[in-house]
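Chemist:
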Amino acid sequence: MSLDSLVSAVRGFAPAALQIDEIILNNPAWHYEPYPAYSDVRYALLHTTLELRQLAVQLHAARQQAGAPLTPAQYALAQHHAAFRDFEALLLAFDAEHFSAEPAQGEWSAAVILAHVHQVERNFYAAILNTIRNPAPGFLSDEEVATLTGEPADIVPATELAAGWAAFARLHARLQAELAALTDAQLTMPSPYWEPEPWPTIGFRLHRFESHLREHTNQLEKSLAMLGIKRNEGQMLVRQMMAALAEAEGLHIGVADLARAAVDAAAAQIAARFAALPQRVEAITAMIDAVTALDNERIAGLVGAEPALAATTLPDGRSAILFAKYNGRADIVQTLLASGLRLNLAEAAAVGESDRVRRILEAWPDAANHYSSDGFTPLQLACFFGYPDSAQLLIDAGADVLAVARNSMQIQPIHAAVAGRNADIVRMLIAAGADVNARQQDDFTPLAAARQNEDRAIEEMLVAAGAK
Numbered sequence: 033m034s035l036d037s038l039v040s041a042v043r044g045f046a047p048a049a050l051q052i053d054e055i056i057l058n059n060p061a062w063h064y065e066p067y068p069a070y071s072d073v074r075y076a077l078l079h080t081t082l083e084l085r086q087l088a089v090q091l092h093a094a095r096q097q098a099g100a101p102l103t104p105a106q107y108a109l110a111q112h113h114a115a116f117r118d119f120e121a122l123l124l125a126f127d128a129e130h131f132s133a134e135p136a137q138g139e140w141s142a143a144v145i146l147a148h149v150h151q152v153e154r155n156f157y158a159a160i161l162n163t164i165r166n167p168a169p170g171f172l173s174d175e176e177v178a179t180l181t182g183e184p185a186d187i188v189p190a191t192e193l194a195a196g197w198a199a200f201a202r203l204h205a206r207l208q209a210e211l212a213a214l215t216d217a218q219l220t221m222p223s224p225y226w227e228p229e230p231w232p233t234i235g236f237r238l239h240r241f242e243s244h245l246r247e248h249t250n251q252l253e254k255s256l257a258m259l260g261i262k263r264n265e266g267q268m269l270v271r272q273m274m275a276a277l278a279e280a281e282g283l284h285i286g287v288a289d290l291a292r293a294a295v296d297a298a299a300a301q302i303a304a305r306f307a308a309l310p311q312r313v314e315a316i317t318a319m320i321d322a323v324t325a326l327d328n329e330r331i332a333g334l335v336g337a338e339p340a341l342a343a344t345t346l347p348d349g350r351s352a353i354l355f356a357k358y359n360g361r362a363d364i365v366q367t368l369l370a371s372g373l374r375l376n377l378a379e380a381a382a383v384g385e386s387d388r389v390r391r392i393l394e395a396w397p398d399a400a401n402h403y404s405s406d407g408f409t410p411l412q413l414a415c416f417f418g419y420p421d422s423a424q425l426l427i428d429a430g431a432d433v434l435a436v437a438r439n440s441m442q443i444q445p446i447h448a449a450v451a452g453r454n455a456d457i458v459r460m461l462i463a464a465g466a467d468v469n470a471r472q473q474d475d476f477t478p479l480a481a482a483r484q485n486e487d488r489a490i491e492e493m494l495v496a497a498g499a500k
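Heads up: the sequence shown begins at 33 in my numbering, then just goes up one per residue.
What follows is the structure in structure tokens.
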């Protein structure tokens, strides 16, 4: 393995990562090893970025220990390479149709932008080579530029992104390798190109590589917006990952073999993770389908093969276990619990896992007033589903008995308890200061709900407490 293997692992997965739906990224049915508390699928990408940043620290230390810190020229080239990878990350967001499309009248397509940056980098490269190779450098013709750099005289927009990028990347790799040997004295040499005298120095030209790429990276971002291509989280994660890769690559400039064991280990770990991720995404998708269909047999099979899938969340943000509970599927609830599912407070309150409720409240008392993804408090869920032990634990921990649901129902805990016909919990809430005249959606009161349910015991309890 080598740096090439690391680059291949990251770049090879980047296009697929762009396509991962945010429903999948939000899903906790994937664990980052060795720290399984990080369980959303997004951590497959976020922590790849983290590992690449860790590797960069090791590479920096290795260069220092070897007495080979980045020279000023190499540092500038590393900055250029960071811009190169950022430009690439944005280009990946263009599909075949949009790559050659003008985003608006008079605006360049991504294909034209790519050809332009390729041509300009070739010209910058030629200007530098001309300066360091000729005692009295002068202006170069297009043919001389092509001969000096070994590039075509006319760089035309590619019809396909892959071909256009490959040609540009070859030039980029060549100039990065050759210019890494530039000395501090050479950086001060005037370098003629198109400007009038006094000519900018080679040092300026090196930094112009980056600034020119950044200029057209901004242009790509504007093009995406004009084409109506919305930035999604997958694109953001890929951009961050490519930036971290660029840092590790930049630290190799001028040094052929650096911290090989660390680079090989990172490449192997990242390659293995990305090789397994498509199958995990497929399994999560299958689990979402099975839960939505309330198919306990399929759920049991999927969870049996991969217990982490029990933590799957649905597109609306609800967890599998809450969805099953809301639909009265105790069998699915038990299947999910049997997997060893680690419940959050709302889930524990909804399914009556009072020991879990107690442990969470002991560790995080403030969680008593947090809301579930669909806008209910843990107390409201315990009240509706009829778990007095959990309700009392929550009240004792400071759960707000007047909290209003953050959804269209606008219930308070007492509405939930009355709707669930849980008299003991109604009594508990009244004692804790619940408002017996609270109004939910459509001005519906607890007393109206009790009468609708023909629940005389709760009706009498509410009237005795002042309900009207």
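Note that the Cβ used here is the ideal one computed from N, Cα and C, for glycine as well.
Around the Cβ of K357, are there at least 16 other Cβ atoms within 10 angstroms (buried) or fewer (exposed)?
Modeler: Locating residue 357 in the sequence shown gives position 325, where the first residue counts as 1. Buried, by the Cβ-count rule.
Chemist: Do we get a CB-CB distance below 8 angstroms when we pair P478 with the residues of chain C?
Modeler: Included in the structure is just one protein chain, with no chain C present.
Chemist: Where DSSP assigns a beta bridge to S351, which residues make up the other side?
Modeler: Here residue 351 refers to the residue found at position 319 when the sequence shown is read from its first residue. The partner list for S351 (beta bridge, DSSP) reads T345.
Chemist: Tell me the rounded alpha-carbon separation between R237 and I160.
Modeler: Locating residue 237 in the sequence shown gives position 205, counting from the first residue. Locating residue 160 in the sequence shown gives position 128, counting from the first residue. Their backbone Cα atoms lie some 7 angstroms apart in a straight line.
Chemist: Roughly how many whole angstroms lie between the Cα atoms of P228 and A178?
Modeler: The residue labelled residue 228 in the question sits at position 196 within the sequence shown. The residue labelled residue 178 in the question sits at position 146 within the sequence shown. For P228 and A178, the distance between alpha carbons rounds to 22 angstroms.
Chemist: Evaluate F408 with the Cβ neighbour count: other Cβ atoms within 10 Å of its Cβ, from every protein chain shown; 16 or more gives buried, anything less gives exposed.
Modeler: Along the sequence shown, read from residue 1 onward, the residue named residue 408 stands at position 376. By the 10 Å Cβ count, F408 comes out buried.
Chemist: Tell me the DSSP bridge mates of T249?
Modeler: Numbered from 1 along the sequence shown, position 217 holds the residue referred to as residue 249. DSSP output for T249 lists no bridge partner at all.
Chemist: Assign T179 to one of three DSSP states: helix, strand, or coil.
Modeler: Your numbering for residue 179 matches position 147 in the sequence shown. If DSSP states are grouped into helix, strand and coil, T179 belongs with the helices.
Chemist: My understanding is that Q267 touches L50, with C-beta atoms under 8 angstroms, so please give their C-beta distance in whole angstroms.
Modeler: Taking the sequence shown and counting its residues from 1, one reaches residue 267 at position 235. Taking the sequence shown and counting its residues from 1, one reaches residue 50 at position 18. Going by Cβ atoms, the distance from Q267 to L50 rounds to 6 angstroms, so yes, they are a contact pair.
Chemist: For F156, count neighbouring Cβ atoms within 10 angstroms of its own Cβ and tell me buried if that reaches 16, exposed if not.
Modeler: On the sequence shown, position 124 is the one that residue 156 refers to. When all chains shown are included, F156 counts as buried.
Chemist: Under the three-state reduction of DSSP, which class applies to P397: helix, strand or coil?
Modeler: Within the sequence shown, residue 397 is the residue found at index 365, counting from 1. P397 falls in the helix class under three-state DSSP.
Chemist: Do you know how far the Cα of H248 is from the Cα of F126?
Modeler: Mapped onto the sequence shown, residue 126 falls at position 94. Mapped onto the sequence shown, residue 248 falls at position 216. Rounded to whole angstroms, F126 to H248 spans 15 angstroms at the Cα level.
Chemist: Determine whether the beta carbon atoms of L507 and M319 lie at a separation below 8 angstroms.
Modeler: This structure gives no information on residue 507, because the portion of the chain shown stretches from 33 to 500.
Chemist: So, helix, strand or coil for T409, using DSSP?
Modeler: For this step, residue 409 is matched to residue 377 along the sequence shown. Of the three classes helix, strand and coil, the one that applies to T409 here is coil, per DSSP.
Chemist: Going by the beta-carbon positions, is the gap between S37 and A343 smaller than 8 angstroms?
Modeler: Taking the sequence shown and counting its residues from 1, one reaches residue 37 at position 5. Taking the sequence shown and counting its residues from 1, one reaches residue 343 at position 311. Not closer than 8 angstroms, so no.
Chemist: Need the endpoints of the alpha helix (DSSP H) that M221 sits in, please.
Modeler: Residue numbering aside, residue 221 sits at position 189 when the sequence shown is read from its first letter. Taken as a continuous stretch (DSSP letters only), M221 belongs to no alpha helix (DSSP H), as it is neither H nor E.
Chemist: List the whole-angstrom C-beta distance separating P420 from I457, where the pair is believed to meet the contact cut-off of C-beta under 8 angstroms.
Modeler: As a first step, residue 420 must be located in the sequence shown, where it is residue number 388. As a first step, residue 457 must be located in the sequence shown, where it is residue number 425. Correct: roughly 5 angstroms between the Cβ atoms.
Chemist: For T191, which beta-bridge partners are listed by DSSP?
Modeler: Within the sequence shown, the letter at position 159 stands for residue 191. Answer is none; T191 lacks a bridge partner.
Chemist: Would you call the segment 262-276 in contact with the segment 189-199, where contact means no fewer than 3 C-beta pairs closer than 8 angstroms?
Modeler: Touching, no, given that fewer than three Cβ pairs across the two stretches are closer than 8 angstroms.
Chemist: Quick check on this structure: which residue in G430, D467, Q90 has the alpha carbon closest to the alpha carbon of K25?
Modeler: Limits of the chain in this structure are 33 at one end and 500 at the other, which puts residue 25 out of reach.
Chemist: Between Y225 and L124, what straight-line distance do the alpha-carbon atoms span, to the nearest angstrom?
Modeler: What you label residue 225 is simply residue 193 of the sequence shown in a count that begins at 1. What you label residue 124 is simply residue 92 of the sequence shown in a count that begins at 1. Roughly 32 angstroms separates the two Cα atoms.
Chemist: Do you know offhand how far A100's Cα is from A315's?
Modeler: Here residue 100 refers to the residue found at position 68 of the sequence shown. Here residue 315 refers to the residue found at position 283 of the sequence shown. Cα-Cα distance, rounded: 47 angstroms.
Chemist: Figure out for me which residue from E281, V152, Q444 has the closest Cα to the Cα of R240.
Modeler: For the purposes of this step, residue 240 is identified with residue 208 of the sequence shown, where counting begins at 1. When each option's Cα is compared against that of R240, the closest is V152.
Chemist: With distance defined between alpha-carbon atoms, name the residue in D289, H284, G465 nearest to G430.
Modeler: Taking the first residue of the sequence shown as 1, we reach residue 430 at position 398. Selected option, being the one with the closest Cα: G465.
Chemist: Using the Cα positions of A69 and L377, report the straight-line distance between them to the nearest angstrom.
Modeler: Numbered from its first residue, the sequence shown carries residue 69 at position 37. Numbered from its first residue, the sequence shown carries residue 377 at position 345. The straight-line gap from Cα to Cα measures roughly 16 angstroms.
Chemist: Which of the three DSSP states, helix, strand or coil, is assigned to T233?
Modeler: On the sequence shown, residue 233 is found 201 positions in, with the first residue counted as 1. Here T233 sits in strand by DSSP.
Chemist: What residues in its chain sit with their C-beta under 6 angstroms from that of T317, if we drop five residues either side in the sequence?
Modeler: Position 285 of the sequence shown holds residue 317. Answer for T317: no residue qualifies.
Chemist: Does DSSP put E54 in a helix, a strand or coil?
Modeler: The residue given as residue 54 occupies position 22 in the sequence shown. Here E54 sits in helix by DSSP.
Chemist: Which whole runs of the alpha helix (DSSP H) in the segment 76-155 are 4 residues long or more, in chain order?
Modeler: Whole alpha helix (DSSP H) segments, 4+ residues: 104-123, 128-131.
Chemist: My understanding is that R483 touches E492, with C-beta atoms under 8 angstroms, so please give their C-beta distance in whole angstroms.
Modeler: As a working mapping, residue 483 is identified with position 451 in the sequence shown. As a working mapping, residue 492 is identified with position 460 in the sequence shown. Not really, about 11 angstroms apart at Cβ, beyond 8 angstroms.
Chemist: For T220, which of R453, L146, G235 has the nearest alpha-carbon?
Modeler: To locate residue 220, count along the sequence shown from 1; it is residue 188. With distances taken between Cα atoms, T220 lies closest to G235.
Chemist: On the criterion of 16 or more Cβ atoms from any shown chain inside 10 Å, does V433 qualify as buried, or is it exposed?
Modeler: As a position in the sequence shown, residue 433 is number 401, starting the count at 1. Counting Cβ neighbours within 10 Å, V433 comes out buried, since at least 16 surround it.
Chemist: Mind the definition here: the segment 72-81 touches the segment 45-64 only if three or more C-beta pairs lie below 8 angstroms; say whether that holds.
Modeler: These segments touch.
Chemist: When burial is assigned at 16 or more other CB atoms within 10 Å of the CB, is R305 buried or exposed?
Modeler: Within the sequence shown, the letter at position 273 stands for residue 305. Under this definition R305 is a buried residue.
Chemist: Assign S422 to one of two classes, buried (16 or more other C-beta atoms within 10 Å of its C-beta) or exposed (fewer than that).
Modeler: Translated into the one-based positions of the sequence shown, residue 422 becomes position 390. When all chains shown are included, S422 counts as buried.
Chemist: Let me know the beta strand (DSSP E) ranges lying completely inside the segment 405-472, each 3 residues or longer, listed in chain order.
Modeler: Taking only runs of at least 3 residues, no beta strand (DSSP E) segment lies wholly in the segment 405-472.
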